[in-house]
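**Q** So the sequences go chain by chain: A and B.
If you're matching positions, the first sequence starts at 250 in the numbering used here and goes up one per residue.
If you're matching positions, the second sequence starts at 250 in the numbering used here and goes up one per residue.
Structure below; questions to follow.
2 protein chains.
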Amino acid sequence: MKFGRFQHQSRSFYGIVEGDRVDELDGSPFATWKTNGKTHALSAVKTLIPCEPRNFYCAGLNYAAHIEWAAKRKGLPVKMPEKADVGYRSNNALAATGEAIVIPADSTGPVQFEGELVAVVGKTAKHLTEASALSCILGYTLGNDVSERSWQKSDRTLWRAKNCDTWKPMGPYIATGLDPMNLDVEIHINGKRVAGYNTSKMIFSAQHYIAEITKYMTLHPGDVIWLGTDDATEPDLKDGDVCEIIQKDIGVLRSPVVRAKA
Amino acid sequence: MKFGRFQHQSRSFYGIVEGDRVDELDGSPFATWKTNGKTHALSAVKTLIPCEPRNFYCAGLNYAAHIEWAAKRKGLPVKMPEKADVGYRSNNALAATGEAIVIPADSTGPVQFEGELVAVVGKTAKHLTEASALSCILGYTLGNDVSERSWQKSDRTLWRAKNCDTWKPMGPYIATGLDPMNLDVEIHINGKRVAGYNTSKMIFSAQHYIAEITKYMTLHPGDVIWLGTDDATEPDLKDGDVCEIIQKDIGVLRSPVVRAKA
Numbered sequence: 250m251k252f253g254r255f256q257h258q259s260r261s262f263y264g265i266v267e268g269d270r271v272d273e274l275d276g277s278p279f280a281t282w283k284t285n286g287k288t289h290a291l292s293a294v295k296t297l298i299p300c301e302p303r304n305f306y307c308a309g310l311n312y313a314a315h316i317e318w319a320a321k322r323k324g325l326p327v328k329m330p331e332k333a334d335v336g337y338r339s340n341n342a343l344a345a346t347g348e349a350i351v352i353p354a355d356s357t358g359p360v361q362f363e364g365e366l367v368a369v370v371g372k373t374a375k376h377l378t379e380a381s382a383l384s385c386i387l388g389y390t391l392g393n394d395v396s397e398r399s400w401q402k403s404d405r406t407l408w409r410a411k412n413c414d415t416w417k418p419m420g421p422y423i424a425t426g427l428d429p430m431n432l433d434v435e436i437h438i439n440g441k442r443v444a445g446y447n448t449s450k451m452i453f454s455a456q457h458y459i460a461e462i463t464k465y466m467t468l469h470p471g472d473v474i475w476l477g478t479d480d481a482t483e484p485d486l487k488d489g490d491v492c493e494i495i496q497k498d499i500g501v502l503r504s505p506v507v508r509a510k511a
Numbered sequence: 250m251k252f253g254r255f256q257h258q259s260r261s262f263y264g265i266v267e268g269d270r271v272d273e274l275d276g277s278p279f280a281t282w283k284t285n286g287k288t289h290a291l292s293a294v295k296t297l298i299p300c301e302p303r304n305f306y307c308a309g310l311n312y313a314a315h316i317e318w319a320a321k322r323k324g325l326p327v328k329m330p331e332k333a334d335v336g337y338r339s340n341n342a343l344a345a346t347g348e349a350i351v352i353p354a355d356s357t358g359p360v361q362f363e364g365e366l367v368a369v370v371g372k373t374a375k376h377l378t379e380a381s382a383l384s385c386i387l388g389y390t391l392g393n394d395v396s397e398r399s400w401q402k403s404d405r406t407l408w409r410a411k412n413c414d415t416w417k418p419m420g421p422y423i424a425t426g427l428d429p430m431n432l433d434v435e436i437h438i439n440g441k442r443v444a445g446y447n448t449s450k451m452i453f454s455a456q457h458y459i460a461e462i463t464k465y466m467t468l469h470p471g472d473v474i475w476l477g478t479d480d481a482t483e484p485d486l487k488d489g490d491v492c493e494i495i496q497k498d499i500g501v502l503r504s505p506v507v508r509a510k511a
C-alpha cells in the first residue's frame with residue numbers, strides 16, 4: 250500500500266495511491282484513518298511531502314562504496330564509522346516531489362545529490378531491540394540529501410552544506426510492507442541512470458539504527474530516519490537538470506534544479 | 250509581556266502571565282490572539298514548553314570564557330569559532346519547566362548544564378540583515394543544553410551527548426521587548442548560584458546569527474535559536490539535584506535531575 254499527502258485547491262489530505270488514482274482518507278496513517286469515498290486523479294492533485302517530521306534523523310555515513318569514493322575524492326584515508334551515530338537535518342529544507350532544488354547564488358559548489366531510503370515512524374517507540382525495531386515503522390519513502398561539498402569542508406557543522414531551503418526533497422509516497430534491507434535505489438539525471446545501489450549494503454542496518462536511537466530517544470509518529478547513500482554522487486547538479494531518486498515500490502522523487510540569480 | 254503555554258485538565262492553551270495569574274488566550278502568539286476572559290492561578294495549571302519548534306537551531310560555541318574553560322579542561326588549545334555556524338538539536342529532548350532531566354543508566358558522565366538564552370521566531374523570515382534581524386523574533390525564553398561530556402568525545406555527532414529524552418528543558422515563558430544582547434543569565438544548583446554571565450559577551454550576536462541563517466534558510470513561527478552558554482558548566486549534575494536557569498524578565502526554568510535505574 251502507498252500512502253501520500255495531497256493538496257487539492259486549498260485543502261490537504263492523506264490518500265492511498267492506486268495506479269493513477271488517489272483514494273482520499275479521513276484521518277491520517279499516523280493515527281486512525283478510513284477511506285471517505287472521494288477519489289482524485291493523481292494528475293489533478295499536488296503531491297505534498299508525505300509528513301512533517303517532529304524529529305529528522307539521518308544516518309550520515311552508512312555505505313562503504315560511498316565512503317571510499319568520498320575519501321578518494323578528498324585525498325584522505327578511508328575511515329569507516331565505528332558505530333551508528335545519527336545526525337540531524339532540518340524541516341525548513343524539505344521539498345515535495347516536483348518542487349525545485351534551488352542552489353543559492355553564492356554557492357561555489359559542487360552541489361551533489363545523495364539518494365536515500367527513508368524509514369517513516371508510525372508509532373511512538375522506545376527501547377526497541379533489533380528484532381522488534383521495524384514494529385514502529387509505518388513504511389518507507391525516498392530522500393535526496395542534497396549536499397554542497399565546499400561548505401561541507403568549510404563549515405564546523407553541516408548547516409548550509411545540507412540544509413539550505415529546498416535541499417531535502419522527500420517523497421513521493423510512503424510504501425508499506427517493504428524489506429528495507431533489500432531495495433534497489435537508482436538516481437537518474439535528465440533521464441539517465443548515474444548511480445544506484447542495493448540497501449543490503451548498509452554498514453549498520455535500519456534495525457540497528459532504530460534499536461540504537463531508541464536506547465536514548467523516543468521515536469514519534471511522523472519522525473523520519475534517512476538511511477544514507479551508497480555509490481559516487483556525481484555528476485554535480487546544474488541549473489536546468491532534473492534529478493530523480495527512484496525505487497520501484499515507492500515511486501519517483503523528482504526535483505528540477507534551479508540556480509538562484511544573485 | 251510574557252506568553253506561556255499551559256495545560257488545564259486535558260486542554261492546552263496559550264496565556265499571558267501576570268504575577269501569579271494567567272490570562273487565557275484564544276489563538277496563539279504565533280498567529281492572531283485575544284484574551285478570552287478566562288483567568289487561572291499559575292499554581293492551578295501545568296506549564297508546557299512554550300512552543301514545539303519546526304526547526305531547532307543552536308549556536309553551539311558562542312562565548313569565549315566557556316570555550317576557554319572547555320579547552321583547558323580537555324587539555325586542548327583554545328580555538329575560537331571563525332564564523333557563525335549553527336547546529337541542531339531535536340524535539341524529542343524538549344522538557345517543560347518542572348519536568349525531570351533523566352540521566353540514562355549507561356551514562357558514565359559527566360552530565361552538565363548549559364544555561365542559554367533562546368530567541369523564539371514569531372514571523373516567517375528570509376534574507377534579513379543584522380539591522381532587521383530582530384523583526385522576526387517574538388521574544389526570548391531560556392534553555393538548558395544538557396550535555397554528556399564522555400559521549401561528546403566518543404560520538405561522531407552530538408546525538409546522544411545532547412539529545413537524550415528530557416535533555417533540552419525549555420521555558421518557562423516567552424518574554425517580549427527584551428534586548429537579547431544585555432541580559433544576565435544565572436545557573437543555580439540546589440538553590441546556590443554556580444555560574445552566570447551577561448549575553449553581551451556573545452562572540453556572534455543574535456542579530457548576526459539570524460542574518461546568517463536567513464541567507465539560506467527560511468525562519469518559521471515557532472522556530473527557536475539557542476544562543477550558547479558562557480562560563481564553566483560545573484558542578485556536574487547528579488541524581489537528586491535541582492538545576493535552575495534564571496533570567497529575571499523571563500523567569501526560572503527549573504529541572505529536577507533523576508538518574509534512571511539500570
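Beta carbons are placed, not taken as given, at the ideal position from N, Cα and C, and that holds for glycine.
Locate the alpha helix (DSSP H) running through residue 315 of chain A, then write down its first and last residues.
**A** As a working note, residue 315 of chain A is residue 66 in the first sequence. Residue 315 of chain A -> alpha helix (DSSP H) spans 313-323.
**Q** Would a C-beta distance cut-off of 9 Å place residue 444 of chain A and residue 436 of chain A closer than the cut-off?
**A** By 1-based counting over the first sequence, the position of residue 444 of chain A is 195. By 1-based counting over the first sequence, the position of residue 436 of chain A is 187. Yes, the pair counts as a contact, with Cβ atoms nearer than the cut-off.
**Q** Among the residues of its own chain, which have a CB less than 7 Å from the CB of residue 353 of chain B, if the five just before and after it don't count?
**A** Within the second sequence, numbered from 1, the residue matching residue 353 of chain B stands at position 104. Hits under 7 Å: 413, 509.
**Q** Tell me which residues share the same chain as residue 487 of chain A and place their Cβ nearer than 7 Å to its Cβ, disregarding the 5 neighbours each side in the sequence.
**A** Residue 487 of chain A sits at position 238 when you count from the first residue of the first sequence. Once the five neighbours on either side are set aside, the close Cβ partners of residue 487 of chain A are 506.
**Q** Near residue 484 of chain A, what residues of its chain come up, given a Cβ to Cβ distance below 8 Å and the 5 sequence neighbours on each side ignored?
**A** Here residue 484 of chain A refers to the residue found at position 235 of the first sequence. Closer than 8 Å at Cβ, skipping near neighbours: 438, 443.
**Q** On a Cα-Cα basis, can you pick out the residue from A/285, A/282, A/303 that is closest to residue 467 of chain A?
**A** Counting from 1 along the first sequence, the entry for residue 467 of chain A is found at position 218. Of the listed residues, the one whose Cα sits closest to residue 467 of chain A is A/303.
**Q** Going along the chain, which residues of its own chain have a beta-carbon closer than 8 Å to the beta-carbon of residue 313 of chain A, five neighbours each way excluded?
**A** As a working note, residue 313 of chain A is residue 64 in the first sequence. Only 329, 450, 452, 479 meet the Cβ criterion.
**Q** Straight-line CA distance for residue 400 of chain B to residue 318 of chain B?
**A** Position 151 of the second sequence holds residue 400 of chain B. Position 69 of the second sequence holds residue 318 of chain B. One C-alpha to the other measures close to 18 Å.
**Q** Which residues, taken in chain order from the stretch 402-413 of chain B, show a beta carbon closer than 7 Å to some beta carbon of chain A?
**A** The residues in question are 404, 405, 406, 408, 409, 412, 413.
**Q** Hey, could you find the ends of the alpha helix (DSSP H) residue 504 of chain B is sitting in?
**A** In the second sequence, residue 504 of chain B corresponds to position 255, counting from 1. Taken as a continuous stretch (DSSP letters only), residue 504 of chain B belongs to no alpha helix (DSSP H), being part of the beta strand (DSSP E) at 500-508.
**Q** Counting along the chain, where does the alpha helix (DSSP H) carrying residue 402 of chain B start and finish?
**A** Here the question's residue 402 of chain B lines up with position 153 in the second sequence. Taken as a continuous stretch (DSSP letters only), the alpha helix (DSSP H) holding residue 402 of chain B covers 398-403.
**Q** Taking buried to mean at least 16 other C-beta atoms within 10 Å of its own C-beta, is residue 472 of chain A buried or exposed?
**A** Here residue 472 of chain A is taken as the residue at index 223 of the first sequence, counted from 1. Classification for residue 472 of chain A: buried.
**Q** Would you list the one or two residues that DSSP bridges to residue 493 of chain B?
**A** Here residue 493 of chain B is taken as the residue at index 244 of the second sequence, counted from 1. BP columns for residue 493 of chain B point to B/437, B/503.
**Q** Just reading off the alpha helix (DSSP H) that residue 457 of chain A is part of, what are its end residues?
**A** For the purposes of this step, residue 457 of chain A is taken as residue 208 along the first sequence, with counting starting at 1. Start and end: 455-465.
**Q** Please list, in chain order, the residues of the stretch 464-487 of chain B that have any C-beta partner in chain A closer than 9 Å.
**A** Cβ contacts with chain A: 464, 465, 466, 467, 468, 469, 472.
**Q** Quick one, which residues of the stretch 324-338 of chain A are near chain B if we go by CB-CB under 7 Å, in chain order?
**A** So the close ones are 330, 334, 335, 336, 337.
**Q** Would residue 334 of chain A be called buried (16 or more neighbouring beta carbons within 10 Å of its own) or exposed?
**A** To locate residue 334 of chain A, count along the first sequence from 1; it is residue 85. So residue 334 of chain A counts as buried.
**Q** How would you write the range of the alpha helix (DSSP H) that residue 303 of chain A sits in, first residue to last?
**A** Along the first sequence, read from residue 1 onward, the residue named residue 303 of chain A stands at position 54. No alpha helix (DSSP H) contains residue 303 of chain A, which DSSP labels as neither H nor E.
**Q** Compare the C-beta of residue 462 of chain B against all C-beta atoms of chain A and say whether one is closer than 9 Å.
**A** Position 213 of the second sequence holds residue 462 of chain B. Chain A contact via Cβ: present.
**Q** Can a CB atom of chain A be found closer than 9 Å to the CB of residue 377 of chain B?
**A** Working through the second sequence from its first residue, we reach residue 377 of chain B at position 128. It does not; no Cβ of chain A falls within 9 Å.
**Q** Can you tell me whether residue 348 of chain B sits near the ligand ATP, meaning its C-beta is under 8 Å from at least one heavy atom of the ligand?
**A** You won't find the ligand ATP in this model; it holds no ligand whatsoever.
**Q** When you check each C-beta in the stretch 427-452 of chain A against every C-beta of chain B, which residues fall closer than 8 Å?
**A** Going along the stretch 427-452 of chain A in chain order, one finds no residue with a Cβ nearer than 8 Å to chain B.
**Q** In this structure, does DSSP put residue 413 of chain A in helix, strand or coil?
**A** Translated into positions along the first sequence, residue 413 of chain A becomes position 164. DSSP places residue 413 of chain A in coil when its eight states are reduced to three.
**Q** Could you name the residues of the stretch 274-294 of chain B whose beta carbon sits closer than 7 Å to any beta carbon of chain A, in the order they occur along the chain?
**A** The stretch 274-294 of chain B vs chain A, Cβ under 7 Å: nothing.
**Q** So which of A/350, A/490, A/432 has the shortest CA-CA distance to residue 396 of chain A?
**A** To locate residue 396 of chain A, count along the first sequence from 1; it is residue 147. Here the closest residue by C-alpha is A/350.
**Q** Tell me the rounded alpha-carbon separation between residue 344 of chain B and residue 267 of chain B.
**A** Sequence index remark: in the second sequence, residue 344 of chain B carries index 95 (1-based). Sequence index remark: in the second sequence, residue 267 of chain B carries index 18 (1-based). Distance between the alpha carbons of residue 344 of chain B and residue 267 of chain B is about 23 Å.
**Q** Who are the Cβ neighbours of residue 213 of chain B in its own chain at under 8 Å, not counting the five residues just before and after it?
**A** There is simply no residue 213 of chain B to check, as chain B begins at 250 and stops at 511 in what is shown.
**Q** Assuming contact is defined by CB atoms lying nearer than 9 Å, are residue 262 of chain B and residue 254 of chain B in contact in what I supplied?
**A** Walking along the second sequence from the start, residue 262 of chain B turns up at place 13. Walking along the second sequence from the start, residue 254 of chain B turns up at place 5. Cβ distance < 9 Å, so residue 262 of chain B and residue 254 of chain B count as in contact.
**Q** Whole angstroms are fine: how far does the CA of residue 490 of chain B sit from the CA of residue 360 of chain B?
**A** Numbered from its first residue, the second sequence carries residue 360 of chain B at position 111. Numbered from its first residue, the second sequence carries residue 490 of chain B at position 241. The alpha-carbon atoms of residue 360 of chain B and residue 490 of chain B are separated by roughly 12 Å.
**Q** For residue 353 of chain A, which residues in chain B fall below 9 Å Cβ to Cβ?
**A** Numbered from 1 along the first sequence, position 104 holds the residue referred to as residue 353 of chain A. Here the neighbours are 464, 465.
**Q** On a Cα-Cα basis, can you pick out the residue from B/370, B/420, B/476, B/441 that is closest to residue 454 of chain B?
**A** Stepping through the second sequence from its first residue, residue 454 of chain B is reached at position 205. Per the Cα distances, B/476.
**Q** Taking the Cβ atom as the reference point for each residue, do residue 265 of chain A and residue 275 of chain A lie within a distance shorter than 9 Å?
**A** Taking the first residue of the first sequence as 1, we reach residue 265 of chain A at position 16. Taking the first residue of the first sequence as 1, we reach residue 275 of chain A at position 26. The answer is no: Cβ separation not under 9 Å.
**Q** Kindly identify the DSSP beta-bridge partner or partners of residue 419 of chain A.
**A** Residue 419 of chain A sits at position 170 when you count from the first residue of the first sequence. Paired residue(s): A/392.
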